[in-house]
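Single-structure report; data block below.
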Amino acid sequence: IGFQTVVGVVICANAVVVGLETDHPELWMWPVLEDMFLVAFVCELVLRLLAHGRAMFFSISNPEITWNYFDFSVVALGVTDRGLPCVFGSGQHTDHAKMGMLMRSFRLMRIIR
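For the sequence shown, our numbering begins at 1 and goes up steadily by one.
See below:
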């Protein structure tokens, strides 16, 4: 199984979880699954950065530059969204939850890649 196939399966699984979470937000397992997906996407990004090298990954001559910036931005925002409540406290949990849902929805755009 190819790397892109595995990533595609993870993205589709994330889409299913986002849909189920929307219908059943009260279940305890959503934060755990969200963290697992975030770790998977961070690992995927790091592997791609290592494979291509930072200079080539962000190079204008790279035909995938738009997707690379998109992926980097979505993952960075996901990490930021996850980290902010740890730094500033979780007083605005609903705002963070809405932002997190939006960031996870952006990940779904990667499947059209």
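No residue lacks a Cβ here, since even glycine has one placed at the ideal position from N, Cα and C.
- DSSP places G53 in the coil class of the three-state scheme, outside both helix and strand.
- When the beta-carbon positions are compared, L45 and D81 stay at least 9 Å from each other.
- By the CB criterion at 9 Å, V75 and L27 fall outside the cutoff.
- S73 and I65 do not touch by the CB rule: their CB atoms are close to 12 Å apart, not below 8 Å.
- Measuring C-alpha to C-alpha distances from A55 to each of C43, V42 and Y69 identifies Y69 as the nearest.
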